[in-house]
Every structure is written in structure tokens, then in C-alpha cells.
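Each remark here refers to the structure printed beneath this line.
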Amino acid sequence: MEKPERLIDENGRRVDGRRFDELRPIKMEIGILDKSDGSAYVEFGGTKVIAAVFGPREAHPRHLALPDRAILNCRYHMTSFSVEERKPLGMTRREVELSKVIREALETVTFLEEFPRASIDVYIEVIQADGGTRTTGLTAASLALADAGIPMADLVAAVAVGKVDGQLVLDLCDVEDKYGEADMPVAMAPRFNSIVLLQLNGRMTPEEFRKGLALAQKGVSEIYRLQREALKKKFSSVPPMES
Ligand code: UDP
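In numbering that gives the first Met the number 0, the protein residues as written are 0 to 242.
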């Protein structure tokens, strides 16, 4: 998409009509796949992501198994139809890097030491990309881990904040990400108020950074509420007993 003349109009509205502190419409659903042990679908506006989890299961190849904890494998991947411009097949450098930072964020909340010699495999497939795919991927992956029954200290809820036309905004879409001045993805374990991933692309003053972080925290607490709601929706109803 071409650069719009302005990213914020005279009424303070963004390219998609949102105010600076508004999230995009969010959808979350758990247990959407049958073949994996846990799964989730998460949508933030035009960004649509599926996460699937296998495990804990015996680590393969065996020589990679760790005697005192499970290995967490994580693959973030964008499908070739997720973006307008043809995305190369296979894993790009960006996808390898994002797989690593997502894994590191998930490792901080997962009780891996409960499963020595095992592996837990997390697959994140971006089926449509419109900004914030790593944060949506992380949000979906932690739901899929919970769906698989993997013990965790907390869920991970994530959102990006950024600066567009000199103003801080929550949950950037692709155009804001591309043509804005800064993009800062933030992931948190909200129960501990702890940051498990923070990246910054672009420039912010220390004051903007502080305000941006507070804005991200506000978004994270709403995302966390929706995550718990989605989990309750699946697990609070008991299936009817078979006669
Ligand atoms: N994007 C794209 N092609 C690519 C990678 C990214 O069109 O190969 C777009 C996509 O919409 C993505 C956005 O650029 O969401 C921002 O990408 P970034 O690397 O900042 O990661 P994200 O914000 O998705 O976590």
C-alpha cells in the first residue's frame, strides 16, 4: 500500500478510524485443530494467526534431549499468501529471528523443568499479515500451550505500540508500521507485570518510551482479559455425559 498523505487526521483519527489508544477488533478461539495437542486462532484486525502445540513428547533426535528440562521448539512462519508481495518459500532470516525471540519469551513462563528429556513444539502460522504478527503470534502461542495443558506461570499477552505522525499509538497496522517513525512490540506476563519481550524499531525519546510502555500495558491488560475469556469459554463447560 502507498504512503497515505497523513497517518492521523485533523480529528485525531488513524488510517482505519481508531483513536490513538484503541486496539483493532480482536477474535480469539481455542482448540480449533484436532491433530495437535493444543491450538488457537487469534485475529487482530487484518492480522490472522494460527498456533498449534505438540507435546510434551519424547525429544527427537534423542541426542538433543536435555536431562533436566524439556526443549521448547518454536517456529514462526508466514504463509506465502499472507502478504501481497510474494513471500519467499521456506524460512527467511526474519522468520528465524522471530522464532527465536518468541521462543525466549515463552520459555520465561513455561515450566519446562517438569518434563525432562521431552520436547514441546510450537508452530505459529501467519495466514494474513497486517502488522503485529509477532505479538499476535505470541498471544496465540501462549493460548495454544494452555490448551495443550502445559503448565505455565502465566499467559503471554502482546501488542505493539508505535509513533506515527509524531503521536504514540497502540496496536499498529501494517501502514502505520511501514510509514510510522517507530514500532515497539511488547509482550508481558501480566500476572507478574513482567516484560518478556521488548523490541524497538525506530526512535523514541525517553519520555515517549515511558508513555509508550504504559500504553502497551493498557493494551496488554485488555488482551489478557480476552485470553482468559477464550480459555473459560472452552474449559468452563462440561461436555454432556455419555449414557
Ligand atoms: N510484512 C510483509 N512482508 C514480509 C514481512 C512483513 O509484507 O515479508 C508486513 C506484514 O504486514 C507485517 C508488517 O510488515 O505484519 C510488519 O512486519 P514486522 O517485521 O515489523 O513484524 P510484525 O509487526 O508483523 O511483528
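Note that CB positions come from ideal geometry on N, CA and C, so glycine has one too. Computed from a predicted structure; not experimentally measured.
Grab me the residues of residue i's own chain with a C-beta within less than 7 Å of its C-beta, minus the 5 sequence neighbours each way, in chain order.
| i | result |
| --- | --- |
| Leu97 | Tyr75 and Arg133 |
| Gly30 | Ser38, Asp146 and Lys233 |
| Asn192 | none |
| Leu88 | Ser79 |
Taking residue i and residue j to be in contact with their CB atoms under 8 Å, please state how far apart those CB atoms are, rounded to whole angstroms.
| i | j | result |
| --- | --- | --- |
| Val219 | Phe19 | Not quite, the Cβ-Cβ distance comes to about 16 Å (not below 8 Å), so this is no contact. |
| Leu154 | Gln216 | So it is not a contact: roughly 15 Å between Cβ atoms. |
| Arg56 | Ser118 | 6 Å |
| Thr138 | Val52 | Not a contact, Cβ separation roughly 14 Å. |
| Gly16 | Asp129 | Not a contact, Cβ separation roughly 15 Å. |
| Glu106 | Asp67 | Not confirmed; about 14 Å, so no contact. |
| Ile123 | Ala140 | 6 Å |
| Ala156 | Ile222 | 4 Å |
| Met203 | Ile194 | Their Cβ separation, rounded to whole angstroms, is 16 Å, which puts Met203 and Ile194 out of contact at 8 Å. |
| Leu6 | Arg13 | 7 Å |
| Ala136 | Ile101 | Reading off the sequence, residue 136 comes out as Gly, not Ala. About 6 Å; that satisfies the 8 Å criterion. |
For residue i, which beta-bridge partners are listed by DSSP?
| i | result |
| --- | --- |
| Ser35 | Its beta-bridge partners do not exist; DSSP assigns none. |
| Asn10 | Beta-bridge pairing links Asn10 to no other residue. |
| Gly201 | Ala181 |
| Met77 | Val125 |
| Phe43 | Ile25 and Thr46 |
| Met187 | Ala156 and Ile194 |
| Asp120 | Phe53 and Asn72 |
Could you pull out every residue in the same chain whose Cβ sits closer than 8 Å to the Cβ of residue i, ignoring the five residues on either side in sequence?
| i | result |
| --- | --- |
| Gly161 | Leu167, Val168, Leu171, Glu175, Asp176, Gly179, Glu180, Ala181, Asp182, Met183, Gly201 and Gly211 |
| Ala143 | Ile29, Ser35, Gly37, Ser38, Ala39, Ala50, Ala51, Val52 and Val121 |
Given residue i, which residues of its chain have a CB within under 6 Å of its CB, disregarding the five upstream and five downstream residues?
| i | result |
| --- | --- |
| Ala152 | Val108 |
| Tyr125 | Before going further, note that residue 125 is Val rather than Tyr in the sequence given. Around Val125: Val48, Met77, Ser81 and Thr132. |
| Ala147 | Asp36, Gly37 and Val52 |
| Ala64 | Ala58 and Arg116 |
| Lys26 | Glu42 |
Starting from the N-terminal side, write out each stretch of the beta strand (DSSP E) that is 3 residues or longer and does not extend beyond the segment 52-108. DSSP runs (the beta strand (DSSP E)) wholly in the segment 52-108: 70-77.
Enumerated in chain order, which unbroken segments of the beta strand (DSSP E) with a length of 3 residues or greater are wholly contained in the segment 148-173? With a minimum length of 3 residues, the continuous beta strand (DSSP E) runs that stay inside the segment 148-173 are 156-163 and 166-169.
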